[in-house]
Structures are given as structure tokens and as C-alpha cells.
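Reviewing the structure listed below.
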Amino acid sequence: MAATVLAAFRRAAVLEPTLTDIAADLDSVVTAVAGDEDFVTAVLAEFHDDSTVTVVNCGHHPPLLLPESDPGTMVNTGEPEPPLGLHPSPHPVTGPLLEGTRLLFYTDGLVETRNRDGAFFPLADSAAALRTGHVGAALDTLLGRLVDHAGEQINDDMALVLVEHQSTRTGTD
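Per this note's numbering, residue 1018 is the first one in the sequence shown, and the count goes up by one each step.
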């Protein structure tokens, strides 16, 4: 299913004019190939030259917004929508993405990892560490905290993407 959705995304991203159109295209692909109880969660993001980001969420955990001087908050992705394959009607949400701000995109394998007491991984507690150093080092720190939390008993796959808005100025200053 993942390969099918990825291939469909690559096609739709070139052909469709908006994130909601891409989500609709992906939904039709998942609906066509999925069983009655299959679905795919997805969050789509488009980064704009005016220091904004548009997000469309189809049943996925919202990204974590990490401004330089803020404790970190979940991106408001609007009213919850069902996943792909269950006919979402997502609405795009656009917000500022200031210089130096980071965004963490993650799958449920991160936040649904439990410790020996059954407590979920406290992602918010890692917000400060995710703002520190190079993005690769920040993700390494996050994974170290996850392993410490779970006692090396991580039973789900996960994907993590940490992006940082940096100036694209050219020329000499």
C-alpha cells in the first residue's frame, strides 16, 4: 500500500493544482486498491516563498511546530478528517513559518510508543531538544529519548521528518 500511495503522490503532485486535489486523488487510489478495513493516514504540506506553509491533514497526527522561542505546539490542521480510503474532505490550513522555525512530521509509531508503565511517549517534553543543533542531531536526540522511554521495546515502525525554515537569500551582503 505504501508503494502505491507514494507512486500516486508523485503523479498527483505534478498534475494536481492544490493539496486538496492531491488528497482527493490519493483517496481515490487508496479506495480502489484497499480492502474494506484498510486506510492510509497522510499529512501533506506545501512550503511557500512568503514564509508560510499550507497543510492538509487526512487522519494523521498534526505536525509539531517548533519556533525558536516557543515551547512548541501542534499545528492547527483544522477539523479532523478521516484517512485516505475513507473519503476525507480536508480543508487547507495556511500559517506562518518564520525564519528558524522547525516542523516535525512523524508517524504514530513515535507518539504511541509506551514505556513499561503503559505511558505514551511525551513528545512535548522533547520540543526544546528538537530546536537545538543541526536537524539530524536533533532527531538523534529525539530517538535517544524514545529508546530511553520505551526501554528499547519499540514495536512499531516510524518515520520522522524535521524541517527548518531558512532564508534563501542570494548574493552578497
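For every residue, glycine included, the Cβ atom is placed at its ideal position computed from N, Cα and C.
- Residue state for G1112 is assigned as strand, using DSSP reduced to three classes.
- Its chain contains R1119, L1179, V1180, E1181 as the residues whose beta carbon lies nearer than 8 Å to that of V1152, once the 5 sequence neighbours on both sides are disregarded; these appear in chain order.
- Of A1049, L1177, V1050, V1031, the smallest CA-CA separation from D1125 is found for L1177.
- Residue pairing from DSSP places F1122 in a beta bridge opposite V1178.
- Residue state for T1158 is assigned as helix, using DSSP reduced to three classes.
- By the Cβ rule, the stretch 1097-1117 counts as touching the stretch 1043-1054, because three or more pairs are nearer than 8 Å.
- Taking the CA atoms as reference points, R1162 sits about 25 Å from T1058.
- A residue is called buried once 16 or more other Cβ atoms fall within 10 Å of its Cβ, and L1115, having fewer, is exposed.
- In chain order, R1119, A1146, L1147, R1148, T1149, L1179 place their CB closer than 8 Å to the CB of A1155, counting only its own chain and leaving out the 5 sequence neighbours on each side.
- DSSP places A1059 in the uninterrupted beta strand (DSSP E) bounded by 1059-1064.
- Comparing alpha-carbon positions, the option among Q1183, H1065, F1056 lying closest to G1112 turns out to be H1065.
- Distance from the Cα of V1072 is smallest, within the candidate group I1171, R1027, L1121, for L1121.
- When secondary structure is reduced to three states using DSSP, L1083 falls in the strand class.
- Cα atoms of T1094 and E1054: separation of roughly 25 Å, rounded to the nearest angstrom.
- The criterion of a C-beta distance shorter than 7 Å is satisfied by P1079 and M1091.
- Excluding the 5 residues flanking it on each side, D1174 has same chain C-beta neighbours closer than 6 Å at G1126, in chain order.
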